[in-house]
Amino acid sequence: MAGTKVRGRLSGPALPRTTLSWQLATVTAVRTETATVRTIELNAAEWAGHRAGQHLDVRLTAEDGYRAERSYSIASAPGEPPAITVQRLDDGEVSPYLTEELRAGDELELRGPIGGYFVWDAAGAASPLLLAAGGSGIVPLRSILRHREQAGATVPVRLLYSVRSLPDVIYRDEIDGYDADGVSVTYALTRQQPAGWTGHRGRVDGALLADIAWPKSSPGDDEPVAYVCGPTAFVESIAEHLTKLGYPPRRVKTERFGGAGGP
Amino acid sequence: MDTLDGNAIGGLLHEVFGTEMTAAVGTCANCGATFPVAEFSVFLRAPGTVARCRNCLAVLMVIVSARGMNCVDLRGLAELAGA
Amino acid sequence: MSPVSRGFHGRRRDDVAPERVPPGQYVTTDFPVLSAGPTPHVDTGQWTFSIRRAGSVLKTWTWQEMRALPAETVTTDIHCVTRWSKLDTRWEAVSMDTLLEQAGAEAAFVLAFSDGGYTTDLPIADVTGGQAWLAYGYDGAPLEPEHGGPARLLVPHLYFWKSAKWVRGLELIDHDEPGFWETYGYHMYGDPWREQRYAGD
């Protein structure tokens, strides 16, 4: 590390210094969200709670000792037991197991919660939120929305959710339910639209974002904050559009997911 | 294969540094750009983890986990500042 | 000791003759893409391969010149230090012996260098004697960029990090110098059959 100046306390003020260890969790329930997406609810005895937007790491071990590890955003709100929502990737090694084989009563190892950047806390929140999700990128944003509702926060939210087709929307009823609650929802259906669809068709473009993003205002509590999550290409495209709309980089938080299955 | 970001190695970094690191801010020793660790360009599927500067692609961090130890090289960072 | 995850197998094949699988490896039918950096995209019109020593170029080939050299189809097993092995991979390649002979080069070691800055070191004895190639085709098609195209080093008797993707040449050196992964503790030689993954193995 010679030559790297390390300044300040590396632990953030809102996060206590904790040891991140692997712990055994039990699957309490599995719920089908769409044809390829499933939510897995977990009970972990040593779970210390989490913030909206954080993720956890899952580790699987085969009989011969072979191990695989993946990260999944936490779908549940702070205060709720940890839950993850997993999309089955056709060529995946872990996701087919989690979405098809795993059942209530099974155990898996996890560690978490992880993350101090892509997080949102209702306490003290004042900035309008722009949430942009591509495919399974909705998962951490749903944790944010759930947390906002449970905490009784009133910051206005605009959600842009880009998916291939309407059946691919995860948490549809719940999201539509937020519509009356200061959350304005825009779906962009990129590949297939139902008859009579008047919403956006095709990929999210600059024009759509200019339409729905909060106009940039002067720095202060009411300067909007954007959370963008999904496949890398989606995240980079949205982040670029937001930069062009004048959003400063520090007000655009990004989380890139790997794998295909995006919009 | 997609390039990820520092969020994807949050767990590994916590293991290495003993604390949450994705919100820490790094300064690239090559071009001077500053980013939160979460915004580093990360290459995960390799014999080790390589984090690069999003601006100039210079290597910022390399972490190799072997034999129960993590070998960490931060020479690509001029500075790493906590929140 | 981690508890076993019921019903989890991973994506591996078990029905393989054990003598083909080095210790600690498992066989896959995929071709995983591992990289330390973004995939370079190089136009074969700009591509060259050089053999250098102490800053001087001994010989350079353009793409056309390289493709005019005698080539062969190589069918071989490959072994990655991250524990996957892939059997019977098929490559179209020029033997490194041909290139080194044409350069008239002698040295104890080579440092292979690639677009994007990657390097790896090998003894000259391991890139000659029919053990190493410059590969530009995989499975009957041009080698894709994510797998190292337009051309990569192919040295299948060593762990696959030694088969540098996007290779642009060899630097002839007298003393072994660690390349990219070797600098971070990976073994200088890397024989999968002696499980030489890390320094000191």
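Residue numbers (the numbering used here), protein chains in the order written: chain A, 854 to 1116; chain B, 150 to 232; chain C, 23 to 223.
Every residue gets a Cβ at the ideal spot worked out from N, C-alpha and C, and that includes glycine.
Please read these numbers as outputs of a predicted model, since none were measured by experiment.
Using a CB distance below 8 Å, the part of the segment 208-228 of chain B facing chain A consists of VAL221, LEU223, ARG224, LEU226, ALA227, GLU228, ordered along the chain. A check of alpha carbon separations from LEU1042(A) across TYR1024(A), VAL1036(A), ARG884(A), HIS1053(A) identifies HIS1053(A) as the nearest.
Within the segment 1036-1113 of chain A, the runs of alpha helix (DSSP H) at least 4 residues long that lie entirely inside it are, in chain order, 1059-1065, 1085-1097. With respect to the C-alpha of ALA888(A), the residue from VAL1105(A), ALA1092(A), ASP943(A) having the closest C-alpha is ASP943(A). For ASP959(A), the chain C residues whose Cβ falls inside 9 Å of its Cβ are SER27, ARG28, GLY29, in order along the chain. Within chain C, SER24 have C-beta atoms less than 8 Å from the C-beta of ARG920(A), given in sequence order. Under the Cβ criterion of 8 Å, LEU206(B) is counted among the residues facing chain C.
Along the length of the segment 886-912 of chain A, whole beta strand (DSSP E) runs at least 3 residues long occupy 890-896, reported in chain order. Residues of the same chain with a CB within less than 7 Å of the CB of ARG42(C), apart from the 5 flanking positions on each side, are ASP99, LEU109 in chain order.
For the options GLU94(C), ARG216(C), ALA58(C), the alpha carbon positioned closest to that of ALA207(B) is the one of ALA58(C). Shown here, GLU217(C) sits in coil according to DSSP, grouped into three states, outside any helix or strand.
Listed along chain A, the residues sitting closer than 9 Å to PRO185(B) by beta-carbon distance are TYR970, ARG1103, LYS1106. Listed by position along chain C, the residues whose Cβ is nearer than 8 Å to that of THR914(A) are SER24, PRO25, VAL26, SER27, PHE30. Under the three-state reduction of DSSP output, GLY46(C) falls in the coil class, being neither helix nor strand. By the neighbour-count criterion, in which 16 or more other beta carbons inside 10 Å mark a residue as buried, HIS908(A) falls on the buried side. Judged by DSSP in its simplified three-state form, GLU228(B) adopts strand.
For LEU961(A), the enclosing beta strand (DSSP E) starts and ends at 960-967. For THR872(A), the closest alpha carbon among the candidates ALA901(A), ALA897(A), VAL880(A), TYR950(A) is that of ALA901(A).
Nearest CB-CB separation between THR176(B) and chain C: not below the 8 Å threshold. The beta carbon of ALA125(C) is closer than 8 Å to those of ILE73, LEU80, LYS81 in its chain, skipping five residues each way along the sequence.
Residues of chain B with a Cβ closer than 8 Å to the Cβ of GLY59(C) are, in chain order, PHE192, VAL199, ARG201, LEU206, VAL208. Contacts with chain C at 8 Å (Cβ-Cβ) include THR152(B).
Looking at the backbone, the Cα of ILE212(B) and that of GLU204(C) are separated by about 13 Å.
Residue range 920-926 is occupied by the beta strand (DSSP E) that includes GLU922(A).
In the DSSP annotation of this structure, the continuous segment of the alpha helix (DSSP H) that includes GLU123(C) starts and ends at 118-125. LEU955(A) sits in coil when the DSSP states are folded into three classes, being neither helix nor strand. SER24(C) is not a Cβ neighbour of ARG956(A), given a cutoff of 8 Å. DSSP, read as helix, strand or coil, puts LYS184(C) in helix.
DSSP lists no bridge partner for ASN179(B). Ranked by how close their Cα comes to the Cα of VAL191(B), the residues PRO1101(A), VAL1105(A), THR1085(A), SER1090(A) have THR1085(A) in first place. Contact annotation: the segment 927-937 of chain A touches the segment 993-1013 of chain A, with at least three C-beta pairs closer than 8 Å. The DSSP-derived three-state label of HIS63(C) is coil. Under the Cβ criterion of 8 Å, SER924(A) is counted among the residues facing chain B.
Contacts with chain C at 8 Å (Cβ-Cβ) do not include GLU933(A).
Under DSSP, MET210(B) forms a beta bridge with ALA200(B). Following the DSSP letters along the chain, one finds PRO145(C) inside the beta strand (DSSP E) bounded by residues 141-145.
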